[in-house]
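Residue numbers (the working numbering): 36 to 278. The C-beta atom is built at its ideal place from N, Cα and C for all residues, glycine as well. Read the structure below first, then the notes.
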Amino acid sequence: MKTLIYVLCLYLSASAVQAASLYVEQVKLSTIDDQKLQEVHKQIKERTEITLKENLFVSPFHKQSQNKSTDKKSFCNTCHQQQPHSLDKRKRSFLNMHSRYISCETCHFSPKNVQLEYRWFNFNETSNKIPAKRITPFYNKEAVLIFSDHELATQARETWENKSSITALYRERAKLKLRLHIPLSKEGPECLDCHNNKDQLLDLKSLGFTKKEITKLQQHSIPRFFSRFSKEEQRLRMSDLLQ
Ligand code: HEC
Ligand code: HEC
Ligand code: HEC
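Laid out in structure tokens, this is it:
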């Protein structure tokens, strides 16, 4: 506990000189409530690590090319997989597909009463690499997201991997998980929050999509198809795609 406070103080004083990310600001301001901490403690204990089978004997035929890793890693990937969605069996492939061109924060960070602006942000630093741009929220011209080389990420990794005592580890992990996720939303937006022609989350025009692309994205049959199935027991019928 003492060390955690110490590390946190160290971090807070050091970060004063860094450009402020709204997400980091909110993590700093977050307060931990005991009941939530208990829940997260339980969540972490019951968590099973997912390991991806990297080298399949037969490569999946959908996968045209290997997912090239980017120079910069998202802070979230300190703990989450590159393809982090697994719970919703229906939507997970689509959500994981979007994670390649939409940053986690676009879907999971939406503070109340704050006007965010969405822009493309390059995850590849070197000029000879193909740009790997992801739609990212900005606040006061500053990206809300941080990368895995940020101090908060280093600190998170250390706390996460600290193997001194298993009980202390669970406690510290729970605290860290709770603190980092207080500014985040659990659910993320619905497909139609973006694939719709009114009250869209993203301003597709300012993001540079052409008129034709915007119409296509707004009227796309796949998000419409998913929005018809709200209950888990409802069966998906492929013929509904044609409607
Ligand atoms: C220090 C490790 C760590 C970091 C960094 C981290 N997460 Fe998590 N996150 C967890 C753990 C542990 C859980 C619990 C369930 C699980 O394993 O998926 C979780 C769960 C979640 C959930 C499910 C809802 C919930 O709160 O339980 C969402 C959504 C999520 N994280 C998003 C993010 C995003 C977005 C970022 C980056 C801004 C991020 N996480 C960074 C460890 C982390
Ligand atoms: C296009 C929007 C979108 C993007 C981008 C996105 N998410 Fe999600 N995420 C969602 C939605 C919607 C859910 C709720 C899914 C459900 O209904 O279960 C979710 C759920 C989750 C969960 C918990 C449930 C699960 O499926 O295992 C985690 C963890 C998570 N997201 C982490 C991340 C991380 C980390 C990133 C970035 C690498 C990310 N998400 C990017 C929309 C998104
Ligand atoms: C945060 C906004 C957002 C959310 C939420 C979202 N999408 Fe998208 N989606 C986009 C954007 C932007 C693109 C286009 C990306 C590009 O082409 O660069 C896209 C592309 C797609 C495409 C590919 C379109 C094509 O033909 O090229 C499909 C299919 C799709 N989304 C389905 C879904 C489904 C299903 C969901 C819900 C599970 C969903 N989307 C949620 C923003 C979103």
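Reduced DSSP category for residue 51 - H, G, I as helix; E, B as strand; rest coil: Caution applies to residue 51, whose pLDDT of 44 falls short of 50 and renders its modelled position unreliable; the value that the coordinates give is listed next. Coil.
Under a three-way DSSP split, which group does residue 125 fall into? coil
Please list, in chain order, all residues of the same chain as residue 171 whose beta carbon is under 8 Å from its beta carbon, the five residues on each side excluded. 138, 140, 141, 153, 154, 155, 156, 178, 179, 180
8 Å Cβ cutoff met for residue 107 and residue 173: no
Say the cut is 7 Å; is the CB of residue 172 nearer than that to a heavy atom of ligand 3? no
Should residue 58 go down as buried or exposed, given a rule of 16 or more other Cβ atoms within 10 Å for buried? buried
Give, in chain order, every unbroken run of the alpha helix (DSSP H) that is at least 4 residues long and sits entirely within the stretch 202-266. 226-229, 246-253, 256-262
Using beta-carbon positions only, say whether residue 165 and residue 65 come within less than 8 Å of one another. no
Looking only at C-alpha atoms, which of 68, 253, 197, 266 sits nearest to residue 236? 253
May I ask which residues mark the beginning and end of the alpha helix (DSSP H) holding residue 79? 69-81
Do residue 55 and residue 113 have their C-beta atoms within less than 8 Å of each other? no
For ligand 1, any of its heavy atoms closer than 7 Å to the Cβ of residue 244? no
Let me make sure I understand the geometry here. Which of 245, 250, 147, 128 has the alpha-carbon closest to that of residue 219? 147
Going by beta-carbon coordinates alone, are residue 242 and residue 256 separated by less than 8 Å? no
Three-state class that DSSP yields for residue 177 in the structure shown: strand
Could you compute how far the alpha carbon of residue 50 sits from the alpha carbon of residue 212? For residue 50, the predicted model reports a pLDDT of 46, less than 50, meaning its position is unreliable; a value from the coordinates is still stated below. For residue 50 and residue 212, the distance between alpha carbons rounds to 20 Å.
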